[in-house]
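Peer 1: For what it's worth, the working numbering labels the leading residue of the sequence shown as 39, then goes sequentially.
Mind looking over this structure? Questions follow.
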Amino acid sequence: MRNIKLVSLLGIPLYVNPSWFFIFGLTTWLLAFRVFPDILEGRGQATYIAMAVMSAIAFFASIVLHELAHSVVARAYRIPVRTSRGKPRGRSRRS
39 MRNIKLVSLL GIPLYVNPSW FFIFGLTTWL LAFRVFPDIL EGRGQATYIA MAVMSAIAFF
99 ASIVLHELAH SVVARAYRIP VRTSRGKPRG RSRRS
């Protein structure tokens, strides 16, 4: 599968594998229809969905920030970084 460019942060292009979107949807669905209704009973379905979307965004944003930190440290040690690519089983940076 071809990677999709999401954004360029600090001059480092960030690409993700399309499977990330499937994993995002699966995470959102599991949280909205399985986890949150069991933990927080009595809320509306829209509340569970909104909480699930926000939780999934926060989770994936933390992964992006973590990988960006690797690239920033590499640059601090004068290791060139051209791209950062998110893959389902981990990321890869191109020097």
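Even for Gly, the Cβ is constructed at its ideal location relative to N, Cα and C.
Values in this document were obtained by computation on a predicted structure and should not be read as measured data.
1) From Ala-84 to Ala-96, what distance separates their C-alpha atoms?
2) Please report the straight-line C-alpha distance between Ser-110 and Phe-59, rounded to a whole angstrom.
3) Distance, Cα to Cα, Val-102 vs Val-45?
4) Taking CB distances under 7 Å as the criterion, tell me whether Gly-80 reaches chain B.
5) What's the gap between the Cα of Gly-82 and the Cα of Ala-90?
6) So which of Ala-99, Pro-75 and Ser-100 has the shortest CA-CA distance to Ala-88?
7) Leaving out five residues on either side along the sequence, give the residues of the same chain with a beta carbon under 7 Å from the beta carbon of Leu-47.
8) Kindly list the residues whose CB is nearer than 7 Å to the CB of Arg-113, restricted to its own chain and excluding five residues on each side of it in sequence; keep chain order.
Peer 2: Quick look at the numbers:
1) In the sequence shown, the residue the question calls residue 84 occupies position 46. In the sequence shown, the residue the question calls residue 96 occupies position 58. Taking the straight line from one Cα to the other gives about 18 Å.
2) In the sequence shown, the residue the question calls residue 110 occupies position 72. In the sequence shown, the residue the question calls residue 59 occupies position 21. Looking at the sequence itself, residue 110 is Val, so the reference to Ser does not match. Answer to the nearest angstrom: the Cα atoms are 25 Å apart.
3) Within the sequence shown, the letter at position 64 stands for residue 102. Within the sequence shown, the letter at position 7 stands for residue 45. Spanning the two alpha carbons is a distance of roughly 10 Å.
4) The chain inventory of the structure shown lacks chain B, comprising one protein chain alone.
5) The residue labelled residue 82 in the question sits at position 44 within the sequence shown. The residue labelled residue 90 in the question sits at position 52 within the sequence shown. Roughly 13 Å separates the two Cα atoms.
6) Counting from one through the sequence shown, the residue named residue 88 turns up at place 50. Ranking the options by Cα distance to Ala-88, first place goes to Pro-75.
7) One-based indexing of the sequence shown puts residue 47 at position 9. Answer for Leu-47: Leu-106, listed in chain order.
8) Position 75 of the sequence shown holds residue 113. Answer for Arg-113: Val-119, listed in chain order.
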